[in-house]
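Add 88 to the 1-based position in the sequence shown for the working numbering, that's all there is to it. A virtual CB, placed ideally from N, CA and C, is assigned to each residue, including glycine. Quantities reported herein were computed from a predicted structural model and do not represent experimental measurements.
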Amino acid sequence: MSPHTVAPEPHPAEPHPDGAPAAAPAPAGTSAPPAADTAEPPAAAPAVTPTAALPGLPRTLAARARTLTAAVRKRCADLARIESPSGDAARLDSLAEELAAGYAATGATAVRQRCEHGDHLVLDWPGQQEDLPHLLVVGHHDTVWPVGTLADWPVEERDGRLTGPGILDMKGGLALLEGAFALLADLGQRPHRPVRMVIVSDEEVGSPDGRRQVERHLRGAAAVLGLEPGHPDGRLKTARRGSTRVRLTVTGREAHAGNDAAEGLSAIDELVDQLIAVRGLARQPGTELNAGRIDGGTRANVIAGHAEAELGLRFATAEAQRRTLDTLAHLTANRPGADVRTEVLSSRPAWPERTGNPLLRHVRSLAAALGQHLDGAPAGGAGDTNLAGARGLPTLDGLGAVGAGPHARHEHLRVDQLGPRIALLAALLAVPLPRLRER
């Protein structure tokens, strides 16, 4: 979606020379956010709205966002029609090209980071104050849906809901950020500070390669924003559980199941017993387990010589994660001669809830200025924002589309929430950040 050819309005007043407007009053029920992260405000500076440095911006953003809704809705649908399952390098690379072209039309420079399972994208937009630390946005362009899903589940709109594979998680979020940058371009504006975006191709399988891309760009970031869908009611995500994918592999000994059964050693029987024992881990505080895939054996008349399972684990705390993975790493076989091995396929640390959260207060204040009521809450799923949140960096996720049903056949986004999200993202880009961390 290229920027609309709209005559730009007069530029809003320039921000304070040091990029730090006075502290903003938060919505009712919250405390005021701290001062800006770039400089202390004058001691006697009066409290003002968070957009005082850019007068008239909330009204302008809200109005322009409404005019962009139809184009962003189409962009969401078009991206969802480009099937991009994890591991399908050709399709992921095709979508990466499409995304790079769309973001480039809004002023970004795009670099493809090669990966054999599908290239990652790193995009940069210049800011009004290039010397400030960058704002990092993280996203992904892979989905959980196999090629061919569109044949019996086409992208379509019903009753104000746009449905289709990957439309919410997270083609919608990718389209929304493109719309926010297009909106600023229409107004002749740039983000207040440099913005960098990392789009990985393997998030849905735990970012085994994409993780290093995200971690590389965490260095020096002022804050980190995630484009995963928000909670179904629109709330943002302020914490996420840790997650780990583990492959449990058992090697036994093949033999004829009738003639030489005593010579065999069933890897499947051993795996079943191991899974029954492993299931007990879910009774430990802060740990959840899902046996997501099981495979093994060849034929009913052959004792299985090989079997494996892929486990998905969720952790409320770093301690629960450490304890559970240590247990899995030291599994031993019940049957003499069998071999049991554990391999960690991908892992994300737990991102704990933190008190205060000045970044959430800032976003709530911006939302209030735009006429929106917005809050945040912890989320059950994990994502690449875990990598930032676990390090204590100012982090918020769930800034993508509002809807429900990710990874399910009723996955959809709400069309009426596209405009408000475009306006909020544009405000986050344009308005100076408050101070988010103690010096």
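The continuous stretches of alpha helix (DSSP H) do not include residue 308, and DSSP gives it neither H nor E. Annotated three-state conformation of residue 300 is helix, per DSSP. Within the DSSP bridge table, the entry for residue 243 names no partner. Bounds of any beta strand (DSSP E) do not take in residue 393, whose DSSP letter is neither H nor E.
Membership of residue 159 in the alpha helix (DSSP H) is indicated by the continuous run 145 to 168. Residue 185 places its beta carbon 8 Å or farther from that of residue 232. Unbroken alpha helix (DSSP H) runs of no fewer than 4 residues, entirely contained in the region 317 to 374, are found at 355 to 367, following chain order. Its chain contains 146, 150 as the residues whose beta carbon lies nearer than 8 Å to that of residue 459, once the 5 sequence neighbours on both sides are disregarded; these appear in chain order.
Annotated three-state conformation of residue 490 is coil, per DSSP. Within the same chain, and ignoring the five residues on either side of residue 308 in sequence, the residues whose Cβ sits closer than 6 Å to its Cβ are 221. DSSP places residue 501 in the uninterrupted beta strand (DSSP E) bounded by 500 to 502. In this structure, the beta-carbon distance from residue 378 to residue 399 falls below 8 Å. The count of Cβ pairs closer than 8 Å, one atom from the region 165 to 182 and one from the region 204 to 221, reaches three, so the stretches are in contact. Per the coordinates, the alpha-carbon of residue 243 lies some 19 Å from the alpha-carbon of residue 174. Under the DSSP definition of a beta bridge, residue 397 partners with 336, 382. DSSP places residue 465 inside the beta strand (DSSP E), whose first and last residues are 464 to 467. Per DSSP, the unbroken beta strand (DSSP E) holding residue 435 starts and ends at 427 to 436. Around the beta carbon of residue 414, fewer than 16 other beta carbons lie within 10 angstroms, which makes this residue exposed. Shown here, residue 230 sits in coil according to DSSP, grouped into three states, outside any helix or strand.
Taking each of 523, 478, 509 in turn and checking the Cα distance to residue 449, the smallest one comes out for 523. In this structure, DSSP gives residue 175 a state outside helix and strand, which the three-state scheme calls coil. At a Cβ-Cβ threshold of 8 Å, residue 167 and residue 263 count as neighbours. Beta-carbon to beta-carbon, residue 269 and residue 197 are separated by about 13 Å, too far to satisfy the 8 Å threshold.
Spatial neighbours of residue 463 in its own chain (CB-CB distance under 7 Å, excluding positions within 5 residues in sequence) are listed in chain order as 323, 452. Contact between the region 487 to 496 and the region 436 to 448 is absent: fewer than 3 CB-CB pairs across the two stretches fall below 8 Å. In the DSSP assignment, residue 408 falls within the unbroken alpha helix (DSSP H) covering 406 to 417. When C-alpha distances from residue 265 are compared across 192, 240, 241, the shortest belongs to 192. For residue 224, DSSP records a beta bridge to 284, 312. In the DSSP annotation of this structure, the continuous segment of the beta strand (DSSP E) that includes residue 199 starts and ends at 197 to 201.
Taking one beta carbon from each stretch, the region 462 to 476 and the region 327 to 343 have 3 or more pairs nearer than 8 Å; the two touch. Going by DSSP, residue 473 is part of the alpha helix (DSSP H) stretching over 473 to 477.
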